[in-house]
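Reminder that position 159 of the sequence shown reads as 170 in the working numbering, one-by-one numbering, no gaps. Where a beta carbon is used, it is the ideal one built from N, C-alpha and C, also for glycine. Predicted, not measured: the structure shown is a model, and the values here were computed from it. Step one of this worksheet: look at the structure below.
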Amino acid sequence: MIAVIGGAGYIGSLMVKRLLAKSESVVVFDNLSRGHREAVRPGAELVEGDLRRPQDLERLFAGRAIECVMHFAALASVGESVRVPELYYDNNLVGCFHLLEAMRAHGARRLIFSSTAATYGEPETVPIDEQHSQIPTNPYGETKRAVEQMLRWYHGAHGLSSISLRYFNAAGADPEGELGEHHEPEEHLIPNVLFAAAGRRGPVHVFGDDWPTPDGTCVRDYVHIDDLCSAHYLALERLRGRDACEAFNLGFGDGFSVLEVIRAAEAVTGQPIPWQPAARRPGDPARLVASAEKARRELGWTPRSSALSTILTHAWAWHRSHPAGYG
Numbered sequence: 012m013i014a015v016i017g018g019a020g021y022i023g024s025l026m027v028k029r030l031l032a033k034s035e036s037v038v039v040f041d042n043l044s045r046g047h048r049e050a051v052r053p054g055a056e057l058v059e060g061d062l063r064r065p066q067d068l069e070r071l072f073a074g075r076a077i078e079c080v081m082h083f084a085a086l087a088s089v090g091e092s093v094r095v096p097e098l099y100y101d102n103n104l105v106g107c108f109h110l111l112e113a114m115r116a117h118g119a120r121r122l123i124f125s126s127t128a129a130t131y132g133e134p135e136t137v138p139i140d141e142q143h144s145q146i147p148t149n150p151y152g153e154t155k156r157a158v159e160q161m162l163r164w165y166h167g168a169h170g171l172s173s174i175s176l177r178y179f180n181a182a183g184a185d186p187e188g189e190l191g192e193h194h195e196p197e198e199h200l201i202p203n204v205l206f207a208a209a210g211r212r213g214p215v216h217v218f219g220d221d222w223p224t225p226d227g228t229c230v231r232d233y234v235h236i237d238d239l240c241s242a243h244y245l246a247l248e249r250l251r252g253r254d255a256c257e258a259f260n261l262g263f264g265d266g267f268s269v270l271e272v273i274r275a276a277e278a279v280t281g282q283p284i285p286w287q288p289a290a291r292r293p294g295d296p297a298r299l300v301a302s303a304e305k306a307r308r309e310l311g312w313t314p315r316s317s318a319l320s321t322i323l324t325h326a327w328a329w330h331r332s333h334p335a336g337y338g
């Protein structure tokens with residue numbers, strides 16, 4: 012059985028769908044504070060609970076033979092983490108500690124961890140490979156880096172095998188249109204750009220137009236959530252065959268500025284998208300672009316849906332068919 016922590020969330024729900032399609036047995040663990048009951052796939056059992064409550068984790072593990080845990084349940088907003096760092100240390104770090112202890116108590120010895128490019132901080136070289144120094148510039152990245160370190164120590168001391176997947180900018184929606192991105196409030200660029208195209212919000216705020224990039228706006232590497240799920244399944248197959256403690260970047264290998272994303276979204280939607288400059292956000296690096304050669308080489312991962320036009324097309328289709336999200 013595979014336990015998907017955060018399986019009612021944006022990426023976790025699509026991962027559950029993929030696992031079920033592969034005939035895996037799945038249990039979802041989610042506190043539904045930011046996930047959605049409607050996103051839990053039929054065929055997966057839901058256990059409501061919070062990582063920060065060991066008694067809730069006991070309900071998850073007791074009586075179940077959990078082979079591997081996939082952990083998607085971190086808080087993931089850079090700006091929020093700067094404003095309320097205590098929330099991120101409590102959920103992302105303390106919560107993961109309780110999860111590892113529950114796994115240890117019940118003999119679950121494999122973990123796939125959703126990490127982030129935010130562990131690298133301001134890049135010294137681009138594209139960024141896994142050997143790049145990890146000096147986060149915000150509490151979100153710092154908590155993810157700390158969990159990666161914790162996994163290394165647990166591997167050495169307790170034999171817990173893990174693979175950390177360092178996402179660059181996750182985006183897009185279920186290609187079949189069932190699942191997509193719904194956050195309250197929404198802070199991610201692509202959904203906000205599409206909301207503006209649909210007339211559901213005012214101008215998009217562009218946080219800084221004076222960065223050291225070609226057009227002055229931040230550059231990011233966008234990777235489709237379907238490709239992320241593909242990498243997770245490949246990581247599961249890898250862990251089934253070996254003892255490991257590894258990390259892999261997941262990105263498309265190409266970067267787009269905020270203004271380039273806006274122009275591409277105008278082409279996909281056929282709508283003008285108003286925008287206005289705003290102050291830089293604390294903790295934002297200017298440019299994040301992945302080298303995912305290690306994942307391609309060692310996992311056999313090939314991102315098939317991460318062209319920017321494909322990401323925008325799938326996301327636009329989902330938002331048009333779900334104007335209220337899961338509401």
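Using CA coordinates, which residue listed in the options is at the minimum distance from residue i?
i	options	result
G191	G264, R52, N42	R52
D232	E271, G54, Q142, L162	E271
L250	C79, F179, P288, R70	C79
S44	L176, P334, G60	G60
A326	S268, L205, S88	L205
S268	I174, W222, A246	W222
Q142	R315, G336, S317, E304	E304
C256	G167, S316, H330, E187	G167
L310	E248, R291, V279	E248
E187	S332, A246, G338	S332
Are residue i and residue j close, meaning C-beta to C-beta below 7 Å?
i	j	result
H243	I322	no
S302	D140	yes
A128	L299	yes
I22	I236	yes
S175	R121	no
C339	M26	In this structure the chain extends from 12 to 338, so residue 339 is not present and cannot be described.
I284	A208	yes
Y100	Y151	no
E133	P293	no
V217	P288	yes
R156	T136	no
R253	H169	no
R63	G18	no
V279	T228	no
A50	S92	no
From residue i to residue j, what does the alpha carbon distance come to, in whole angstroms?
i	j	result
V15	F83	7 Å
E56	E35	12 Å
Y165	L111	8 Å
E153	F259	17 Å
A328	E197	18 Å
Y178	A73	31 Å
D265	R70	43 Å
H277	K28	Looking at the sequence itself, residue 277 is Glu, so the reference to His does not match. Spanning the two alpha carbons is a distance of roughly 30 Å.
G262	H117	34 Å
H47	G54	16 Å
T224	A85	30 Å
Starting from residue i, trace the alpha helix (DSSP H) both ways and give me its first and last residue.
i	result
D1	The requested residue 1 does not occur in the structure, where the chain is confined to residues 12 to 338.
A208	200-208
Y21	21-32
A328	319-332
The beta strand (DSSP E) with residue i in it runs from where to where?
i	result
A14	13-16
Measuring only from the beta carbon, is residue i closer than 6 Å to any heavy atom that is part of the ligand SAH?
i	result
N260	As for the ligand SAH, it is missing from this structure, which has no ligand bound.
Query - Contained alpha helix (DSSP H) runs [length at least 4] in the segment 231-316, N- to C-terminal order - result: 236-251, 269-280
Report task. Would you mind listing the beta strand (DSSP E) stretches within the segment 57-128 that are 3+ residues and don't spill past its ends, in chain order? Result -> Runs of the beta strand (DSSP E) spanning 3 or more residues and lying entirely within the segment 57-128 occur at 79-82, 121-127, in chain order.
Requested in this report: Note down, one range per segment and in chain order, each beta strand (DSSP E) of at least 3 residues found wholly within the segment 133-220.
Outcome: Taking only runs of at least 3 residues, the beta strand (DSSP E) segments lying wholly in the segment 133-220 are 172-178, 180-182, 215-218.
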